[in-house]
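Enquirer: Could you have a look at this structure, given as structure tokens, before my questions?
2 protein chains.
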Amino acid sequence: MQLDPSGEGIAIDETRRLIASNKVEGTPVFNRAGEQLGTVYNFMVDKITGQVAYAVMSFGGFLGLGESYHPLPWRALTYDTRLGGYVVDIDKDRLADSPRHTAGEDPFVDDEYGAKVDAYYRTTPTS
Amino acid sequence: MQLDPSGEGIAIDETRRLIASNKVEGTPVFNRAGEQLGTVYNFMVDKITGQVAYAVMSFGGFLGLGESYHPLPWRALTYDTRLGGYVVDIDKDRLADSPRHTAGEDPFVDDEYGAKVDAYYRTTPTS
Chain E
608 MQLDPSGEGI AIDETRRLIA SNKVEGTPVF NRAGEQLGTV YNFMVDKITG
658 QVAYAVMSFG GFLGLGESYH PLPWRALTYD TRLGGYVVDI DKDRLADSPR
708 HTAGEDPFVD DEYGAKVDAY YRTTPTS
Chain G
608 MQLDPSGEGI AIDETRRLIA SNKVEGTPVF NRAGEQLGTV YNFMVDKITG
658 QVAYAVMSFG GFLGLGESYH PLPWRALTYD TRLGGYVVDI DKDRLADSPR
708 HTAGEDPFVD DEYGAKVDAY YRTTPTS
């Protein structure tokens with residue numbers, strides 16, 4: 608495995624399993640056709656079990672403004688090492704209508720929000 | 608559950624289970640005597656399984672300089688809702704000698720580093 612020649616120590620080998628929680632931002636998210644839908648903004652992690660429950664995807668927006676945040680249940684995602692990102696089985700129209708929030712909102716403070724997301728993607732909760 | 612009156616949407620109810628991956632920094636880490644050892648810098652997350660493998664704790668330093676980063680195996684941690692942070696069963700001397708790195712280093716690029724950490728804390732790997 609090689610270190611990034613810039614010396615910042617960023618691994619460029621995609622077979623590396625571990626990712627730092629403060630580096631997940633920007634991981635691409637694709638649909639099954641391989642089209643990029645957006646990028647990961649952050650993970651919502653269960654602080655008791657240490658299991659990621661949702662990957663919050665940033666979608667839309669222009670020049671850093673107006674993007675919306677769409678949580679994706681972890682169980683709806685598959686990491687694709689070839690693509691170097693996550694694949695979710697959803698089309699763009701259905702994604703646009705999914706539960707979402709904007710910067711500055713903190714909807715997970717309401718336990719019902721996760722349940723809404725799970726119901727929309729028809730997955731059972733991770734925890 | 609109340610929102611932070613500042614309107615930034617930060618939940619102040621400690622029974623909330625989910626934490627955003629970009630907000631884990633600063634979570635306190637205590638020993639069994641309830642003494643604070645340091646704070647979490649980030650989590651190392653298995654990108655395939657979504658399970659946190661290590662919480663990297665920031666320890667030592669002064670005025671933001673010289674701190675070292677000590678990965679703690681997830682299995683060695685217990686979240687304590689009363690303390691509002693993680694408890695690890697280790698004393699300060701043993702912690703000071705544990706596998707560690709400094710800012711700018713990326714030792715997890717080497718698969719052996721995680722194994723060293725697990726061996727030091729005598730835990731079996733999470734994955």
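For the record, the sequence lines run as chains E and G. All residue numbers for the first sequence refer to my numbering, where the first residue is 608 and numbers rise by one. All residue numbers for the second sequence refer to my numbering, where the first residue is 608 and numbers rise by one. C-beta: ideal position from N, C-alpha, C; glycine also.
1. Taking DSSP's pairing of strands, which residues face G:N649 in a bridge?
2. Select from G:G657, G:Q643, G:G692 and G:A662 the residue whose C-alpha is nearest the C-alpha of G:D725.
3. Run the CB neighbour count on G:E621, radius 10 Å, all protein chains shown included, and call it buried at 16 or more, exposed below.
4. Starting from E:L558, follow the alpha helix (DSSP H) in both directions and report where the run begins and ends.
5. Report the residues of the segment 628-639 of chain E with a CB closer than 9 Å to any CB of chain G, ordered along the chain.
6. Please report the distance separating the alpha-carbon of E:T685 from that of E:Y693.
7. Against chain E, which members of the segment 645-661 of chain G pass a CB distance test of less than 7 Å?
8. What separation, rounded to the nearest whole angstrom, lies between the Cα atoms of E:Y728 and E:A660?
9. Using a cut-off of 8 Å between C-beta atoms, extract the partners of G:Y686 located in chain E.
10. List the endpoints of the continuous beta strand (DSSP E) containing E:A627.
11. How many whole angstroms separate the CB atoms of G:I655 and E:R701, which I take to be in contact at a CB cut-off of 8 Å?
12. To the nearest angstrom, how far is the alpha carbon of E:G657 from that of G:G711?
13. Pull up the CB-CB distance for E:V652 and G:F650, whole angstroms please, since I reckon it's below 8 Å.
14. Flag E:I697 as yes if its beta-carbon sits less than 8 Å from any beta-carbon of chain G, otherwise no.
15. Please report how far the alpha carbon of E:F637 lies from the alpha carbon of G:F669, in whole angstroms.
16. Mind checking E:A722: buried by the 16 CB within 10 Å criterion, or exposed?
17. Pick helix, strand or coil for G:D725, following the three-state DSSP scheme.
18. Tell me which same chain residues have a C-beta within less than 7 Å of the C-beta of E:S705, skipping the five on either side of it?
19. Can you tell which of E:R689, E:D698, E:G673 and E:I626 has its C-alpha closest to the C-alpha of E:L679?
20. Looking only at its own chain, which residues have a Cβ that is under 6 Å from the Cβ of G:H708, when we skip the five neighbours before and after it?
21. Just the Cα atoms here: how many angstroms apart are G:M664 and G:A640?
Expert: If we stick to the structure as given:
1. Stepping through the second sequence from its first residue, residue 649 of chain G is reached at position 42. Answer by DSSP bridge pairing, in chain order: G:V663.
2. Mapped onto the second sequence, residue 725 of chain G falls at position 118. Nearest C-alpha to G:D725: G:A662.
3. On the second sequence, position 14 is the one that residue 621 of chain G refers to. Reliability fails at G:E621, whose pLDDT of 46 lies under 50, so the model's placement of it is uncertain and the value that follows must be treated cautiously. Burial call: exposed.
4. In the structure displayed, chain E extends from 608 to 734; residue 558 of chain E sits before or after that span and is not available.
5. Within the segment 628-639 of chain E, the residues whose Cβ lies closer than 9 Å to some Cβ of chain G are S628, N629, K630, V631, E632 and T634, listed in chain order.
6. Along the first sequence, read from residue 1 onward, the residue named residue 685 of chain E stands at position 78. Along the first sequence, read from residue 1 onward, the residue named residue 693 of chain E stands at position 86. Near 5 Å, if we compare the C-alpha coordinates of E:Y693 and E:T685.
7. The segment 645-661 of chain G vs chain E, Cβ under 7 Å: N649, F650, M651, V652, D653, K654, I655, G657, Q658, V659 and A660.
8. Taking the first sequence and counting its residues from 1, one reaches residue 728 of chain E at position 121. Taking the first sequence and counting its residues from 1, one reaches residue 660 of chain E at position 53. The alpha-carbon atoms of E:Y728 and E:A660 are separated by roughly 13 Å.
9. Position 79 of the second sequence holds residue 686 of chain G. Per Cβ cutoff of 8 Å: K654 and I655.
10. Stepping through the first sequence from its first residue, residue 627 of chain E is reached at position 20. Looking at the DSSP string, the run of the beta strand (DSSP E) that includes E:A627 is L625 to A627.
11. Position 48 of the second sequence, counting from 1, holds the residue named residue 655 of chain G. Position 94 of the first sequence, counting from 1, holds the residue named residue 701 of chain E. Wrong, their Cβ atoms sit about 25 Å apart, outside the cutoff.
12. The sequence position of residue 657 of chain E within the first sequence is 50, counting from 1. The sequence position of residue 711 of chain G within the second sequence is 104, counting from 1. C-alpha separation (whole angstroms): 25 Å.
13. In the first sequence, counting from the first residue as 1, residue 652 of chain E sits at position 45. In the second sequence, counting from the first residue as 1, residue 650 of chain G sits at position 43. The Cβ separation is near 7 Å, so the contact holds.
14. Numbered from 1 along the first sequence, position 90 holds the residue referred to as residue 697 of chain E. E:I697 does not count as touching chain G.
15. Stepping through the first sequence from its first residue, residue 637 of chain E is reached at position 30. Stepping through the second sequence from its first residue, residue 669 of chain G is reached at position 62. Going by the C-alpha atoms only, they are around 43 Å apart.
16. Here the question's residue 722 of chain E lines up with position 115 in the first sequence. Under this definition E:A722 is an exposed residue.
17. Taking the second sequence and counting its residues from 1, the one referred to as residue 725 of chain G is at position 118. Helix at G:D725.
18. Sequence index remark: in the first sequence, residue 705 of chain E carries index 98 (1-based). Here the set comprises H677 and Y727.
19. Working through the first sequence from its first residue, we reach residue 679 of chain E at position 72. E:L679 has its Cα closest to that of E:D698, out of E:R689, E:D698, E:G673 and E:I626.
20. Here residue 708 of chain G is taken as the residue at index 101 of the second sequence, counted from 1. Within the same chain, G:H708 has close Cβ partners Y676 and P714.
21. Here residue 664 of chain G refers to the residue found at position 57 when the second sequence is read from its first residue. Here residue 640 of chain G refers to the residue found at position 33 when the second sequence is read from its first residue. Their backbone Cα atoms lie some 18 Å apart in a straight line.
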